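Chemist: So in the UniProt record's numbering, spot 95 of the sequence shown is number 95, and the numbers just go up one at a time.
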Amino acid sequence: MAVIQPALDGSIPSPAPERRRIDDYDAWVDRVRPVFLEVARSGEPFLFWEVAHRHRLPDPPDRDHDWGRLAAQLHREGVTRTAGFGLTRDRSGVRRWRGTAAARDGRFG
């Protein structure tokens, strides 16, 4: 059981919700793909980790590789294209993505 340290004013913060993990890759893709299609439709540049964090998406079975696998799949399908680079929370460099014209026109989904 995790111990929660009270704040200096005596209040007890609520614990951050834990991210879920889906053990089946195909079921995970079915859950997160619509979110990335919607983000691609916006035409705004994005980082995969920011979208996952903002939308509280579940983790894939292999967290170290499956996010990249999904990014490559969307790129191969013509949903996304590269749009430079961004930084992770630990300041590592990652690709920034943007929806293609086809994605912005809603030809995927």
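Glycine residues also receive a C-beta, built at the ideal position from the N, C-alpha and C atoms.
Here the structure is a predicted model, which means the values were calculated and not measured.
(1) Three-state secondary structure (DSSP) at Val-35?
(2) Quickly, what does DSSP pair Leu-87 with across the bridge? List them, please.
(3) Could you tell me whether the region 53-65 touches the region 90-105, where touching means 3 or more Cβ pairs closer than 8 Å?
(4) Taking the alpha carbon of Arg-33 as the point to measure from, which residue in Val-51, Gly-10, Asp-23, Ile-12 has its own alpha carbon closest?
(5) Secondary structure at Asp-59, three-state DSSP: helix, strand or coil?
(6) Roughly how many angstroms lie between the CA atoms of Gly-43 and Gly-10, to the nearest whole one?
Modeler: Let me spell this out:
(1) helix
(2) Gly-93
(3) no
(4) Val-51
(5) strand
(6) 45 Å
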